[in-house]
Structures are given as structure tokens and as C-alpha cells.
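A short write-up of the structure that comes next.
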Amino acid sequence: MSTDSKRPILVLLTSHWVSLLGVALVTTAGFSWLFVLPMQLQGHANNPYIGIVVFIFIPVIFVLGLVLTALGMFLARRRIARVEPGLEAAAPTAAFTFASLSFSSP
């Protein structure tokens, strides 16, 4: 087994800013779609243009986020492969940095 197959997916998702942006877009679009779609399907939408947002804009953002996530994972895997094997464990991830900053702030 190579070291790439042993690397957890969370490390690849948080190792590059492009994949983090993609995850944020997918999450935002998914939650937006979950809240807006039932309102649209029940006919409670007051704005006539909400259908454009629900059926065109949100899915485009979702697919763009998926593409950015895959691209960021590819770039992270390529960057980690270039780094010496002993140094990859010392590289901080964005998740660890965010968690330490969130919990340390008053």
C-alpha cells in the first residue's frame, strides 16, 4: 500500500484553500437548496424569480463547489507528494488552525 492510500480524506480536504472553498460552496448551496426548494414546490414563493435561483443558480454553485473540491484535493495531493515524507506531518492543516483559533478566543 502506498502512503497516498493511507492518507485520510479530511487531510486532503483541508490541505488546500481551493478544496476548502469548494466544500464551503457545496455546503452553502446544499443548505440553501434544502430550505428554498420546499417553499418553491409548495407554491409559497412570493417572488416570481425564485425559480431561477432554485433551479439554476443554486445547482450551478453546487456543481462548481464539487469541481473546486476535486481540484483542491488533486492540488493538495500533488503538493504533499513534493514535500519530503518527514515534513508532511508537521504541516498544519486549516482545520487545526481554525479549531485552535476558535477555542482560544474569549
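Numbered per this note's numbering, the sequence shown spans residues 2 to 107. Backbone N, C-alpha and C fix where the C-beta goes; we use that ideal spot for every residue, glycine too.
| Query | Result |
| --- | --- |
| According to DSSP, is Val84 helix, strand or coil? | coil |
| Using the three-state DSSP reduction, which class does Val12 fall into: helix, strand or coil? | helix |
| Where Leu1 and Phe58 are concerned, what is the direct C-alpha to C-alpha distance, given to the nearest angstrom? | Past the boundaries of the shown model lies residue 1; the chain is included only from 2 to 107, so the question cannot be answered. |
| Closest to Ile51 by C-alpha separation, out of Trp34, Leu65, Leu67, would be which residue? | Trp34 |
| Go ahead and pull the three-state DSSP assignment for Pro49. | coil |
| To which residues of the same chain is Gly31 closer than 6 Å at the C-beta, ignoring the five residues directly before and after it? | none |
| Could you have a look at Gly44 and say whether DSSP puts it in helix, strand or coil? | coil |
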